[in-house]
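S.K.: Each step along the sequence shown adds one to the number in the numbering used here, with nothing skipped, and position 670 is 1768.
Dropping the structure in here first, questions after.
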Amino acid sequence: MNTAPKFALAGVVALLASIQAAAQQSVAVGKGAYASAPPPSADEKSRAMQSQPLYLVNDDGRPIPTNKWWTQLVVSPFAKSLWSYPLRVDPSEKGLDIFFPTRWAPQGNDPACESPLHVGASDFVPADARAREWSDWLVSFRMAQSPERYLDVTLGEGMPYAWIECRGVQPVLTVPKGADATFFGLEGPLPRPPVSADCVGVTFDGRSYGIFTPDDTKFHYSDGSLSLTFAGKSSYLVVCPLPAPKDLNYFHRYAFAIPRNTEVSWRYDPAGGRVTTTWKITTEVLKGAEKKIIQGWIPHHYRKTTGDIVFNHIDYISPRGPLKCAVGNEFVISYPYVGVVPNLPAPKSTGAPHDYEPARMHAYLQDLASKPKFAADTYWGGKDILRYGQDALMAQQTHDSTYNTFCDELRQAMTNWFTYTPGKKDHYFTYYPRWKALVGVKTSYGSEGFNDHHFHYGYFTFASALLAMHDPRFAADYGPMATLVAKEYANWDRSDLRFPFMRTFDPWAGHSWAGGTSSPGGENQESSSEAVQSWAGLIYLGEALGDQKMRDTGIMGYAVETQATMEYWFNAGGDVFPPEWKHPVTGMVWSGGKVYGTYFTGDPAWIYAIQWLPASPMLSYLVHDPAFARKSYEDMCRDYEAHELAEASRTSKGGKKRQAKKPTIENLGSGLGSVMLGYVLMYDPAWACEQLDALWNTPGDKIGHDAGETAIIYYLAHSTRSLGEVDWSCHGDSPTSMVYRNRTTKTRTYIVWNPSTTAKTVVFYEGAIATGQMIAAPQALTSASVLSPAPGAKK
């Protein structure tokens, strides 16, 4: 018997195991540390992430982007549903299908993808489609049969072209079987080719495309196929959906400038209360002299912003509403930003019905301080540490005796998470060298595959900032580790190659994506509010650590994603959801559309609630328009009641039908009811206070007596009742300041969160006019109703 190969194999396996075990070192970061590699005992999904094939043209060690609209290119032989807007492109072993949606599906969830234009070639069977190059809203991928025969395809978000560069391939374009194709050129209608030109237009099934090529390309049409024969060394075609055949000349002018790089940058203006984004597109001219490009924009780019975009009246439908086009290589868009604070000043007794009771607040805090708990995974564990950070801040504001307990427990929990020692099973972070990623252990909800990192780690950045305010020594010792965790989802430093740039954020789409490696159906995101929290956490941590670049990145993300949320989840502008969509909201946004549902329940109340948590002043963007906010809550109640009635009509127990529940806070239950109160208190705090009292006075009620869910709700409801609502016409020159205005008393309250160890002077503005200043105490949340004069202040 020849046993040598078995022994050799066993030796190799043992060697690899020992190398892997040895490779898991503790890497110091400040006083903290992370594991240098996943442990050998990692779960199957984590191990699979390290060994799965990656479809890259050049696997050169660059950080591998995840959570992108095109990430499926990296992890599957042929990605599907590559939505670049207005196009959808599907590569396969047969070539490339290019979809040009012109109408919505019957239920309004997705634009109808039908009648694709197919790009292939005779005897061309690509082995796969591999990511080749990428930048902020651009990707290029290669479909290769051999090193001598391939197509390089370039797509950019909002760019109404697909650029296809050919090597060793003479393309054949095929219209759907049975389609009646007609042709046109720059001078008007054409007979069916053959023709020699640098462009041909084709119309079939109610849509038109422009096909742009090098000079003197020969076009020949037969049996539904348009064959291209290039005349010279240049071999490319550019496919463009045309709003109308008459637009062929216009698109011809800009078709030959192929984008090679896209880059967004931003600048925060504290005095102006705005963040300005600049969008640069670098092109290579394939022929001619035109370097400019047609770039499309969707509602969050143009609805409530200022900038230099001049639209050219070229419009398309898109999954995110009307896509409007402009021409250029650089564009500027400015977003308003009035500030965010991590919590509000301590509530005050006012003598009004359902008044604030300090003893009750103390009882909540005492209950929480006596039962410290921190889950082992990064989502629920992240929620726990943020809860303790908020508890510490509330205890500080109310001068409660539990303050030191909360600080001590939070410090212990955070240092545990931010320190790796060999042998730890959970509560630590580990590095994925192959992907250039930092993953918290224990993982949950697919976080080992980059799902939801901004949701999970946004809690960590927020909590780190709060603890840094209470404990400057923690900031000095563990700030570097907190920064590393923040960079995992929001790396703003293009030179830091430990992570990809902006892992979870799509700068052009204006919102984050939660699906780590995407899916054949495209990318998706469910909880818009937890995505926004990840930016707020970045603002707070940047301010606490004195890291201006981190802070300003958070401001940019917050300003942009709050606008995108109101457009794409709530249709606040009124034209993003088509008439076919019969719901007021969406629970999940996908690359190609939306879903009225959630991953975890069929309860429609959670479709709303997952956009309304966790309770915090940072969610005030949801109630910018109080009437719209109230309507959203009423919509939730109506949808919940309809769902209950439907469920009751079809379910029974012991022959008796279940009674449909009314959408009361009590019926909604502890977790869901608390979320609803956290939302309503921002526009109707008096009603929230009334509900809280009723629940408190109900023995055993899980909402009224659950301090973990209700303490911050009780605090915020009574604080907001005194303060009023956000005054959106005012802002401070500190990014962690806000202004509230009580409509009854006409009183403004100016609030500043100052985590630094020195006092800070903050100037407040109404519009562009300085109205006064206040001194913000160090390591505190400070508020005032009267400002001191500031240089140049309004008299």
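Just so it is clear, CB atoms sit at the ideal spot from N, CA and C, and this is done for glycine as well.
All values derive from a computational prediction rather than experimental measurement.
Give me, in chain order, the residues of the same chain whose beta-carbon lies closer than 7 Å to that of L1885; leave out the 5 immediate sequence neighbours on both sides.
M.R.: For the purposes of this step, residue 1885 is taken as the residue at position 787 of the sequence shown. The answer, listed in chain order, is Y1848, F1862, T1869, G1870, Q1871, M1872.
S.K.: What is the DSSP secondary structure of V1155, reduced to helix, strand or coil?
M.R.: Residue numbering aside, residue 1155 sits at position 57 when the sequence shown is read from its first letter. DSSP places V1155 in coil when its eight states are reduced to three.
S.K.: Do you know offhand how far E1742's Cα is from S1772's?
M.R.: Here residue 1742 is taken as the residue at index 644 of the sequence shown, counted from 1. Here residue 1772 is taken as the residue at index 674 of the sequence shown, counted from 1. Answer to the nearest angstrom: the Cα atoms are 19 Å apart.
S.K.: In three-state DSSP terms, what is A1119?
M.R.: One-based indexing of the sequence shown puts residue 1119 at position 21. Because A1119 sits at a pLDDT of 43, beneath the cut-off of 50, its placement in the model cannot be relied upon, and the following sentence gives the value as read from the coordinates. In the structure shown, A1119 sits in a helix (DSSP, three-state: H, G or I).
S.K.: Using the three-state DSSP reduction, which class does R1145 fall into: helix, strand or coil?
M.R.: On the sequence shown, residue 1145 is found 47 positions in, with the first residue counted as 1. Three-state DSSP puts R1145 in a helix.
S.K.: How should R1372 be labelled, buried or exposed, when 16 other C-beta atoms within 10 angstroms of its C-beta is the threshold for buried?
M.R.: If you number the sequence shown from 1, residue 1372 lands on position 274. It counts as buried.
S.K.: In the DSSP output, which residue or residues are listed as bridge partners for T1376?
M.R.: Reading the sequence shown from its first residue, position 278 is the one you call residue 1376. In the DSSP assignment, T1376 is bridged to S1363, V1430.
S.K.: If distances are taken between C-alpha atoms only, which option among Q1243, R1596, H1568 comes closest to A1878?
M.R.: Here residue 1878 refers to the residue found at position 780 when the sequence shown is read from its first residue. The candidate whose alpha carbon is nearest that of A1878 is H1568.
S.K.: Going by beta carbon distance, what residues of the same chain come within less than 8 Å of W1515, once the five residues before and after it are set aside?
M.R.: On the sequence shown, residue 1515 is found 417 positions in, with the first residue counted as 1. Counting only residues of its own chain and dropping the five nearest sequence neighbours on each side, W1515 has a CB closer than 8 Å to the CB of G1479, I1483, H1525, Y1526, F1527, G1538, F1558.
S.K.: Do I1431 and T1513 have their CB atoms nearer than 9 Å?
M.R.: Indexing the sequence shown from 1 puts residue 1431 at position 333. Indexing the sequence shown from 1 puts residue 1513 at position 415. Contact flag unset, no.
S.K.: Rank Q1494, A1580, C1423, H1551 by C-alpha distance to the C-alpha of G1640 and give the top, closest one.
M.R.: By one-based count along the sequence shown, residue 1640 stands at place 542. Ranking the options by Cα distance to G1640, first place goes to A1580.
S.K.: With burial defined as no fewer than 16 other Cβ atoms inside 10 Å of the residue's Cβ, what is the status of L1152: buried or exposed?
M.R.: Within the sequence shown, numbered from 1, the residue matching residue 1152 stands at position 54. That one is exposed.
S.K.: If you pair each beta-carbon of the region 1156-1164 with each one of the region 1209-1218, do three or more pairs fall below 8 Å?
M.R.: These segments do not touch.
S.K.: Determine, for Y1248, whether the minimum Cβ-Cβ distance to residues of chain C falls below 9 Å.
M.R.: Reference to chain C is not applicable here, since this structure consists of a single protein chain.
S.K.: Using DSSP with H/G/I as helix, E/B as strand and the rest coil, what is D1195?
M.R.: Your numbering for residue 1195 matches position 97 in the sequence shown. If DSSP states are grouped into helix, strand and coil, D1195 belongs with the strands.
S.K.: Is it buried or exposed for Q1488, if we count other Cβ within 10 angstroms and need 16 for buried?
M.R.: As a working note, residue 1488 is residue 390 in the sequence shown. By the 10 Å Cβ count, Q1488 comes out buried.
S.K.: Report buried or exposed for S1883, applying the criterion of at least 16 other Cβ atoms within 10 angstroms of its Cβ.
M.R.: Position 785 of the sequence shown, counted from the start, is the residue given in the question as residue 1883. By the neighbour-count rule (16 or more Cβ atoms within 10 Å), S1883 is not buried but exposed.
S.K.: If the criterion is Cβ atoms closer than 9 Å, does the pair A1563 and P1440 meet it?
M.R.: Working through the sequence shown from its first residue, we reach residue 1563 at position 465. Working through the sequence shown from its first residue, we reach residue 1440 at position 342. Against a cut-off of 9 Å, the Cβ pair of P1440 and A1563 comes out as a contact.
S.K.: To the nearest angstrom, how far is it from the Cα of V1844 to the Cα of K1729?
M.R.: In the sequence shown, the residue the question calls residue 1844 occupies position 746. In the sequence shown, the residue the question calls residue 1729 occupies position 631. Sequence inspection shows Lys at residue 1844; the Val mentioned does not correspond to that position. So the alpha carbons of these two residues sit roughly 25 Å apart.
S.K.: Please state whether DSSP places S1894 in a helix, a strand or coil.
M.R.: Given a span of 1099 to 1893 for the chain in the structure shown, any question on residue 1894 remains unanswerable.
S.K.: Per the DSSP calculation, G1218 is bridged to which residue(s)?
M.R.: On the sequence shown, position 120 is the one that residue 1218 refers to. Among the bridge pairs identified by DSSP, G1218 is matched with V1270.
S.K.: Going by DSSP, what residue range makes up the beta strand (DSSP E) through P1702?
M.R.: For the purposes of this step, residue 1702 is identified with residue 604 of the sequence shown, where counting begins at 1. Segment 1702-1707 is the alpha helix (DSSP H) holding P1702; no beta strand (DSSP E) there.
S.K.: The alpha helix (DSSP H) that contains A1634, what's its start and end?
M.R.: Position 536 of the sequence shown, counted from the start, is the residue given in the question as residue 1634. Its alpha helix (DSSP H) spans residues 1626-1643.
S.K.: Determine the DSSP secondary structure at R1592, reduced to helix, strand or coil.
M.R.: Here residue 1592 refers to the residue found at position 494 of the sequence shown. Looking at R1592 - three-state DSSP - the assignment turns out to be coil, as it is neither helix nor strand.
S.K.: When burial is assigned at 16 or more other CB atoms within 10 Å of the CB, is K1680 buried or exposed?
M.R.: The residue labelled residue 1680 in the question sits at position 582 within the sequence shown. Flag for K1680 reads exposed.
S.K.: Would you call T1541 buried or exposed, if buried means 16 or more other Cβ atoms sit within 10 Å of its Cβ?
M.R.: What you label residue 1541 is simply residue 443 of the sequence shown in a count that begins at 1. Flag for T1541 reads buried.
S.K.: Once you ignore the five residues that flank D1313 on each side, which residues in its own chain have a CB closer than 6 Å to its CB?
M.R.: The residue given as residue 1313 occupies position 215 in the sequence shown. Correct list, in chain order: D1296.
S.K.: Just to confirm the assignment, what range does the alpha helix (DSSP H) spanning Y1132 have?
M.R.: Walking along the sequence shown from the start, residue 1132 turns up at place 34. From DSSP, Y1132 is part of no alpha helix (DSSP H) but of the beta strand (DSSP E) over 1130-1133.
S.K.: Y1694 bridges to which residues according to DSSP?
M.R.: Numbered from 1 along the sequence shown, position 596 holds the residue referred to as residue 1694. In the DSSP output, where bridge partners are listed per residue, Y1694 has none listed.
S.K.: Nearest by alpha-carbon distance to L1271: which of A1612, F1239, L1284, A1219 is it?
M.R.: Reading the sequence shown from its first residue, position 173 is the one you call residue 1271. When each option's Cα is compared against that of L1271, the closest is A1219.
S.K.: Are the region 1179-1189 and the region 1122-1132 in contact at 8 Å, needing three or more beta carbon pairs?
M.R.: Contact fails: fewer than three Cβ-Cβ distances are below 8 Å.
S.K.: For a minimum of 3 consecutive residues, which ranges assigned as the beta strand (DSSP E) are wholly contained in the region 1751-1837?
M.R.: Here the runs fully enclosed are 1828-1830.
S.K.: Compute the distance between the beta-carbons of W1364 and E1255, then report whether it is under 9 Å.
M.R.: Taking the sequence shown and counting its residues from 1, one reaches residue 1364 at position 266. Taking the sequence shown and counting its residues from 1, one reaches residue 1255 at position 157. Going by C-beta atoms, W1364 is not nearer than 9 Å to E1255.
S.K.: Note the first and the last residue of the continuous beta strand (DSSP E) segment covering L1536.
M.R.: Here residue 1536 is taken as the residue at index 438 of the sequence shown, counted from 1. It spans 1535-1539 - the beta strand (DSSP E) in which L1536 sits, taken as one unbroken run.
S.K.: Roughly how many whole angstroms lie between the Cα atoms of L1422 and L1253?
M.R.: Residue numbering aside, residue 1422 sits at position 324 when the sequence shown is read from its first letter. Residue numbering aside, residue 1253 sits at position 155 when the sequence shown is read from its first letter. Looking at the sequence itself, residue 1422 is Lys, so the reference to Leu does not match. Those two C-alpha atoms are separated by around 17 Å.
S.K.: Using the three-state DSSP reduction, which class does Q1170 fall into: helix, strand or coil?
M.R.: Here residue 1170 refers to the residue found at position 72 when the sequence shown is read from its first residue. Reduced to three states, the DSSP call for Q1170 is helix.
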